[in-house]
Amino acid sequence: MSIRVIEVVDYDSNWQKKFESEKLLLTNAIGVNAIKIEHIGSTSIVGLAAKPIIDILIEVSSLMELDTANEKLEALGYKVKGENGISGRRYFQKGGNQRSHQVHAFQTNDINLLRHLAFKEYLIAHPAIASEYSAIKKEAVSKCENNINVYMALKNDFIEKHEKLAIDWFGN
1 MSIRVIEVVD YDSNWQKKFE SEKLLLTNAI GVNAIKIEHI GSTSIVGLAA
51 KPIIDILIEV SSLMELDTAN EKLEALGYKV KGENGISGRR YFQKGGNQRS
101 HQVHAFQTND INLLRHLAFK EYLIAHPAIA SEYSAIKKEA VSKCENNINV
151 YMALKNDFIE KHEKLAIDWF GN
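Taking full-length UniProt numbering, I'd label the letters of the sequence shown as residues 1 to 172.
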């Protein structure tokens, strides 16, 4: 089994195009159950360094109905991962060990929809904080030795602090 290489690269304008083409595929696979499909995460923020993985947030009217689309999502190359550590989520990965896409799906009114969107919009509205986040990610990737848990731990304090600020800011 090959080791997953964790990399953080400078912003790539193709990330938006990759999201748009994937959104069409997901819309066709999920149908009307998908209320909103949004580009989230660092690849959605112009100028932000990121792991080159397109993060996608899907708001669905029914998780049970979404579960019936698993075969269609597998046909698109997604690995179905269930809740994968977050209650009420459906998580899908595409691209194998060097994943290219991650889908986080939640039912309408789940707090995680707000959390993801607030953090994205907050970073867009606060370029200095986004720049600080880029630097933290680059430092974390240089220290983590391809261990995703170490990488995430090195970013955790920043995310916890700014996610709370983002939700307050977004609510206003």
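All residues carry an ideal CB built from backbone N, CA and C; glycine is no exception.
- For K161, the enclosing alpha helix (DSSP H) begins and ends at 148 to 171.
- D67 carries a helical assignment under DSSP once its states are collapsed to helix, strand and coil.
- Of the other Cβ atoms in all chains shown, 16 or more fall within 10 Å of the Cβ of Q102; this residue is therefore buried.
- Counting along the chain, the unbroken alpha helix (DSSP H) around Q16 starts and ends at 14 to 30.
- If you look at V103, you'll find it in the beta strand (DSSP E) that goes 101 to 107.
- Per DSSP, A125 is one residue of the alpha helix (DSSP H) stretching across 111 to 125.
- Around the Cβ of V60, a 10 Å sphere holds 16 or more other Cβ atoms; the residue is buried.
- Within the same chain, and ignoring the five residues on either side of Q107 in sequence, the residues whose Cβ sits closer than 8 Å to its Cβ are E59, V60, S61, S62, L63, G88.
- The stretch 147 to 163 and the stretch 17 to 30 do not touch, with fewer than 3 CB-CB distances between them shorter than 8 Å.
- With respect to the 8 Å criterion, I45 and H116 are not classified as neighbours on the basis of their beta carbons.
- Contact check between the stretch 114 to 132 and the stretch 62 to 79: fewer than three CB pairs, one atom from each, fall below 8 Å, which does not count as touching.
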